[in-house]
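>
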Amino acid sequence: MNHFKYSDNNKRYYTLDYYYKHKFNSKVFKVSLNAGFSCPNLDGKKGTGGCIYCSKIGSGEFAGNVNDSLEKQFYDVLKVMKKKWDSNKYIAYFQARTNTYAPLHVLKEKYESVLKLPNVIGLSIATRPDAISNECLDYLEELNNRTYLTVELGLQTIHEKTSILINRCHSLDCFTNMVKELRKRNINVVVHIINGLPYETKEMMIETVKYLNRLDIQGIKIHMLHILKDTKLYELYKQEKFHVLSKEEYVDIVCDQLENLREDIVIHRITGDPKEDDLVEPTWLTKKFGVLNEIDKELKRRDTYQGFNKTIFNKTHQIIDKQVKQNDLVVDATIGNGYDSLYLLNKTTNGFLFGFDIQEEALNNTNKLLKENNINNYKLFLKSHEYILDTLKEYENKISLVIFNLGYLPNGNKEITTKSDSTLKAINNSYKLLNNKGIILITVYPGHKEGKIEEENLLKLLGNNYKDKYKIYKNTDNVKAPYLIERTKVK
Ligand SMILES: C[S@@+](CC[C@H](N)C(=O)[O-])C[C@H]1O[C@@H](n2cnc3c(N)ncnc32)[C@H](O)[C@@H]1O
5 MNHFKYSDNN KRYYTLDYYY KHKFNSKVFK VSLNAGFSCP NLDGKKGTGG
55 CIYCSKIGSG EFAGNVNDSL EKQFYDVLKV MKKKWDSNKY IAYFQARTNT
105 YAPLHVLKEK YESVLKLPNV IGLSIATRPD AISNECLDYL EELNNRTYLT
155 VELGLQTIHE KTSILINRCH SLDCFTNMVK ELRKRNINVV VHIINGLPYE
205 TKEMMIETVK YLNRLDIQGI KIHMLHILKD TKLYELYKQE KFHVLSKEEY
255 VDIVCDQLEN LREDIVIHRI TGDPKEDDLV EPTWLTKKFG VLNEIDKELK
305 RRDTYQGFNK TIFNKTHQII DKQVKQNDLV VDATIGNGYD SLYLLNKTTN
355 GFLFGFDIQE EALNNTNKLL KENNINNYKL FLKSHEYILD TLKEYENKIS
405 LVIFNLGYLP NGNKEITTKS DSTLKAINNS YKLLNNKGII LITVYPGHKE
455 GKIEEENLLK LLGNNYKDKY KIYKNTDNVK APYLIERTKV K
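Residue numbers (the numbering used here): 5 to 495.
Here it is, written out as structure tokens:
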């Protein structure tokens with residue numbers, strides 16, 4: 005089952021195609037153009053020599069011929085595109101080099117000339133965060149009111165050491181401030197990053213995505229580093245032979261990045277598309293569709309999707325989906341407002357659920373929720389879960405899942421919370437209820453005082469019992485965030 009909401013096919017991430025189709029009710033093409041701009045990292049304003057990976061034509065390999073007018077480039081690209089696909093909505097994409105780096109009247113003339121072309125519904129402008137003047141920002145704001153405007157900002161990495169190595173010549177602060185300036189004006193922001201930059205680890209690449217997640221960005225382009233002929237990067241590669249990611253490593257990293265990325269961020273690109281003649285490494289990059297397929301396959305294998313790591317409940321649900329069959333007997337040991345019970349009962353449609361809570365309010369809320377959903381195959385007990393075994397004695401060895409969601413009742417009295425002593429008793433007693441394949445799922449909340457004590461004691465219990473099998477799942481490195489423990493029955 006695909007849980008991902010921004011998809012109507014096998015994709016488990018938010019594709020640009022899907023976004024355009026739903027926003028504009030039709031397929032939309034980006035027409036790449038080369039407007040002949042320069043770059044402040046070439047002419048000495050910010051630096052010289054450019055970014056070390058950049059090709060001679062400024063990363064605009066598929067843009068038109070710079071010697072032709074923008075209009076001619078536009079129609080030339082359309083001719084080629086029309087052979088393959090049919091569409092009558094276009095976004096003019098100023099791709100090569102730094103497309104806001106010119107006097108305002110030049111920018112205006114170029115942008116306005118393509119906006120006049122038939123069926124052009126918007127502009128996408130690729131640039132550097134240090135190359136948008138205040139007067140340009142004002143103009144972009146005005147433009148944004150008239151057309152569908154996107155500004156694509158190059159970042160590549162959040163790591164300063166790498167940024168210096170690749171000669172980006174702007175800071176992370178500069179980038180972050182420009183995102184804020186553009187968003188103040190309500191302009192869509194797409195960020196370009198590169199995986200596989202020299203000496204970056206997988207963790208560093210994931211950190212870049214986690215950083216971007218916290219910013220108000222609307223899209224991302226993920227590239228694999230191309231080592232192209234005639235670049236400084238190629239010289240560095242010949243000298244230092246730094247590690248180039250294999251296809252498997254790349255796919256693994258991208259899937260991790262997607263799991264960590266907010267689900268509303270549109271994925272404009274997920275792999276590079278270099279011209280074969282210019283490419284030195286990695287050669288697997290020339291088979292773009294192969295890489296895309298591998299990413300789909302890997303997400304399917306993991307049964308995850310973009311945004312999966314947003315909450316630990318996605319993992320809980322993934323385990324429940326695999327574990328609970330329609331005739332199963334299950335227990336919710338902390339019913340609270342009844343959401344876990346509801347999720348379980350939607351799986352065990354012909355089975356039965358037993359629920360426990362010490363608060364009448366919890367029983368009322370859960371009853372209300374389940375009745376609203378026309379569910380009757382359950383029984384709730386107003387008592388502490390430590391009595392679970394006595395209460396359900398006749399179901400010993402018959403239960404396939406017991407769930408604990410520790411802590412206090414959401415929106416309820418925060419003083420009434422699960423307590424270490426009774427929780428440990430309840431977990432041990434639940435163990436005896438499990439059938440051969442049964443599991444216990446416990447969501448731990450170390451973020452509050454009682455929860456921290458509970459967590460420590462729980463880990464002691466699990467650690468001391470050498471027979472026990474348990475797994476820990478965390479969706480973030482925040483030590484205060486809730487996480488999941490799965491305890492399986494040892495045969
Ligand atoms: C975090 S909430 C559960 C949320 C719930 N799973 C849901 O989906 O809304 C924890 C619940 O455990 C209950 N609780 C605390 N001590 C308990 C105990 N000894 N036995 C059973 N429930 C207990 C609290 O009253 C609270 O409603």
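Using N, Cα and C, we set each Cβ at its ideal position, and we do this for glycine too. Predicted, not measured: the structure shown is a model, and the values here were computed from it.
For ligand 1, list every residue whose C-beta falls under 5 Å from any of its heavy atoms, going in chain order.
This selection yields Thr-338, Gly-340, Asn-341, Tyr-343, Asp-344, Phe-360, Asp-361, Ile-362, Gln-363, Ala-366, Ser-388, His-389, Asn-409, Gly-411, Leu-413, Thr-422, Ser-426.
> Roughly how many angstroms lie between the CA atoms of Tyr-105 and Glu-146, to the nearest whole one?
Approximately 18 Å, taken between the alpha carbons.
> Return the bridge partner residues of Ala-130 from the DSSP annotation.
In DSSP, Ala-130 forms a bridge with Glu-156.
> Would Glu-204 and Thr-161 be called neighbours here (beta carbons separated by less than 8 Å)?
Contact: yes.
> Buried or exposed for Lys-34, please, with buried defined as at least 16 other CB atoms from any protein chain shown within 10 angstroms of its CB.
Lys-34 should be labelled buried.
> The beta strand (DSSP E) with Gly-442 in it runs from where to where?
438-448 is the span of the beta strand (DSSP E), which, as asked, contains Gly-442.
> Counting pairs of beta carbons, one from the stretch 431-450 and one from the stretch 406-417, are three or more of them closer than 8 Å?
Flag = yes, the stretch 431-450 and the stretch 406-417 touch.
> Taking the alpha carbon of Asn-199 as the point to measure from, which residue in Glu-185, Leu-216, Thr-275, Leu-240 has its own alpha carbon closest?
Nearest C-alpha to Asn-199: Thr-275.
> Taking just the CA atoms, how far does Trp-89 sit from Lys-25?
C-alpha separation (whole angstroms): 14 Å.
> Does DSSP classify Ala-337 as helix, strand or coil?
Reduced to three states, the DSSP call for Ala-337 is coil.
> In terms of alpha-carbon separation, which member of Lys-86, Leu-108, Val-110, Glu-116 lies closest to Ala-96?
With distances taken between Cα atoms, Ala-96 lies closest to Glu-116.
> Considering only their Cβ atoms, is the gap separating Tyr-347 from Phe-8 smaller than 8 Å?
It is not a contact, given that the beta carbons lie outside the stated cut-off.
> Going by DSSP in three states, Lys-319 sits in which element: helix, strand or coil?
Note: Lys-319 maps to helix in three-state DSSP.
> With which residues is Met-85 paired in a DSSP beta bridge?
Bridge partners of Met-85: none, in fact.
> Thinking Ile-489 and Ala-430 are a contact (beta carbons under 8 Å), I'd like their distance in whole angstroms, please.
Actually they do not touch by this definition, with Cβ atoms about 14 Å apart.
> Closer than 6 Å by C-beta to Lys-475: which residues in its own chain qualify, once you throw out the five before and the five after it? Chain order, please.
Correct list, in chain order: Glu-490.
> Which term fits Lys-279, buried or exposed, when burial requires 16 or more other beta carbons within 10 angstroms of its beta carbon?
Lys-279 should be labelled exposed.
> Please name the residue in Leu-283, Asn-103, Gly-451, His-227 whose C-alpha comes closest to that of Ala-130.
Taking only the C-alpha atoms, the option nearest Ala-130 is Asn-103.
> Considering only residues of the same chain and omitting the five flanking positions on each side of Leu-46, which have a CB-CB separation below 6 Å?
Same-chain partners within the cutoff: Gly-54.
> Would you check if there are 3 or more beta carbon pairs closer than 8 Å linking the stretch 114-128 to the stretch 171-183?
No, they do not touch.
> Under 7 Å from any heavy atom of ligand 3, does the C-beta of Val-248 make it?
This structure simply doesn't include ligand 3; it includes ligand 1 instead.
> What do you get for Ile-271, buried or exposed, if any count of 16 or more other CB atoms within 10 angstroms of its CB means buried?
Ile-271 should be labelled buried.
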